[in-house]
Ligand SMILES: Cc1cc2nc3c(=O)[nH]c(=O)nc-3n(C[C@H](O)[C@H](O)[C@H](O)COP(=O)(O)OP(=O)(O)OC[C@H]3O[C@@H](n4cnc5c(N)ncnc54)[C@H](O)[C@@H]3O)c2cc1C
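In my numbering, the protein residues as written are 791 to 1180.
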């Protein structure tokens, strides 16, 4: 069987490895000059390839995620990676990395497997058209028409993409697509905070409704907020935008998360009494952040108000930043656009990876889903055969 895999990212390469090892005639067409470009930038170049604690709760929900994760648990994914020569360790938050600590090395391993088992890798090869024929499909690759028995669409999302991934998907199957895991622009951002980093407990509100919370390091930018905890919360806004829901969003930061409010208030109170107004947060907050808190609390604020401000620092959401800053795409081919059993669209093309309307929070979940959705489409026997070859 002649198979065309459109896209040489985590999903496409995983699919190609297993298909090659099962003796299929596989061609991967990748529009970039090299495969695995996005894999190479994950985990700051170390490749955060999965998460040992992955669960449907890490994603935007839906039946497909659950089915894929049930079918491809961590042990199964690990077997796949091991069979490609990729061995793993996990950190204390479950984030999985290759022993090489090198994303480039992961791409090398996957690429080597494909070549070793007879697959073809075409780079600078954008697939610009696809049509169904009586026998299979005709694809336009680099302006040349080529026939295939089966097509797998692994073209990824719009985040940092060099081609418009919507071109090959019938528009009625697509939801709106929105940048996710992305920094946020804040209204009236205080420029003096630019460049600061602070540990915080961050919560996201829509009016009076709490949408979610996350702990971690917040990065203050001249435009707004970033950092993993902010990116994770951006996903909640992005998923709502996919459903065309808007909101009056605000990020509320507890910038002294390790102190109870009453305890912070006591410290501030005693320092105020000692006439140390300019030293209220010494040893607790960065000076610039402390000045910001005091300013926000107001000129004549008392210890209660100042401590409360530090524990509830509000930032008004303006908008999500654009595709060039986003790590993942919210939206894509809708659940109704593919069969949950086969991930086939009505035209028979199999869709895997980020082009599906599945997005996960930071920590390896998105690479995991990209690969797991590819593995999911193979039978037990095909998987066993592939995993036994290295
Ligand atoms: C900066 C950054 C950091 C990230 N960090 C992490 C992380 O630490 N952990 C994690 O799990 N996830 C991370 N992600 C997300 C993760 O990289 C993606 O979710 C994952 O790579 C998606 O895999 P994919 O194969 O579905 O799509 P992609 O990796 O996007 O691959 C799709 C490929 O298809 C190609 N293509 C598209 N259209 C065509 C066409 N018409 N013809 C030919 N080729 C085409 C594209 O060029 C692309 O190479 C990060 C993403 C970014 C941008």
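All residues carry an ideal CB built from backbone N, CA and C; glycine is no exception.
The structure presented is a predicted model; accordingly, all values stated were derived computationally and were not measured.
In the DSSP assignment, residue 930 falls within the unbroken beta strand (DSSP E) covering 927-931.
According to the DSSP assignment, residue 1015 belongs to the beta strand (DSSP E) that extends over 1014-1016. A Cβ-Cβ distance of about 5 Å is found for the pair residue 949 and residue 1119, placing them in contact under the 8 Å criterion.
Cβ-Cβ distances below 6 Å link residue 1086 to 1099 in the same chain, with the five nearest sequence neighbours on each side left out; the list follows chain order. Distances from the CA of residue 1003 to each of 967, 1042, 966 were compared; the closest alpha carbon is that of 1042. Between residue 1167 and residue 1128 the beta-carbon gap is near 11 Å, outside 8 Å, which marks them as no contact. Between residue 930 and the set 909, 958, 906, 910, the nearest pair of CA atoms involves 958. In this structure the segment 1136-1151 touches the segment 850-860; the number of beta carbon pairs closer than 8 Å is three or more.
The residue among 920, 1049, 1090 with its C-alpha nearest the C-alpha of residue 1073 is 1049. With 16 or more other Cβ atoms from the protein chains shown falling within 10 Å of its own Cβ, residue 973 counts as buried.
Annotation: residue 1101 to residue 1006 spans about 15 Å, alpha carbon to alpha carbon. The criterion of a C-beta distance shorter than 8 Å is satisfied by residue 1144 and residue 946. Closest option to residue 859, judged by alpha-carbon separation, among 843, 800, 986: 843. Only residues of its own chain outside the window of five on either side were considered, and among them 930 have a CB closer than 6 Å to the CB of residue 919, listed in chain order.
Here residue 924 is exposed, its C-beta having fewer than 16 other C-beta atoms within 10 Å. Within the segment 1038-1123, the runs of beta strand (DSSP E) that reach at least 3 residues and sit entirely inside it are, in chain order, 1039-1044, 1103-1110, 1118-1120.
DSSP assignment within the segment 888-913 yields the following whole alpha helix (DSSP H) runs of 4 residues or more, N-terminal first: 893-906. With distances taken between CA atoms, residue 1033 lies nearest to 968 out of 905, 856, 968, 799. CA-CA distance, residue 815 to residue 1025, rounds to 38 Å.
DSSP, read as helix, strand or coil, puts residue 836 in coil. Closest in alpha carbon position to residue 879, among 872, 873, 887, is 887. Put simply, the segment 1056-1074 does not touch the segment 973-984. Fewer than three CB pairs are less than 8 Å apart. Non-local beta-carbon contacts of residue 899 in its own chain, meaning distances under 7 Å to residues more than five positions away in sequence, involve 874, 875, 876 in chain order. Rounded to whole angstroms, the separation of the alpha carbons of residue 1016 and residue 985 is 10 Å.
Assignment of residue 1019 by DSSP, reduced to helix, strand and coil, places it in the helix class. Three or more beta-carbon pairs drawn from the segment 816-832 and the segment 794-801 are found closer than 8 Å, and the two stretches are therefore classed as touching.
Assigned with DSSP and collapsed to three states, residue 984 falls in coil, not helix or strand. A heavy atom of ligand 1 is found nearer than 7 Å to the CB of residue 1118.
DSSP places residue 938 in the strand class (E or B) of the three-state scheme. Less than 8 Å divides the Cβ of residue 988 from the Cβ of residue 1045. Taking a C-beta distance under 8 Å as the contact criterion, residue 812 and residue 1161 do not qualify as a contact pair. Note that the C-beta distance between residue 1152 and residue 1018 is below 8 Å.
Not a single heavy atom of ligand 1 lies less than 7 Å from the C-beta of residue 1122. According to DSSP, residue pairing for residue 1142 in a beta bridge does not occur. Assigned with DSSP and collapsed to three states, residue 866 falls in helix. The shortest C-alpha to C-alpha distance from residue 1138 to any of 939, 1106, 997, 1080 is the one to 939.
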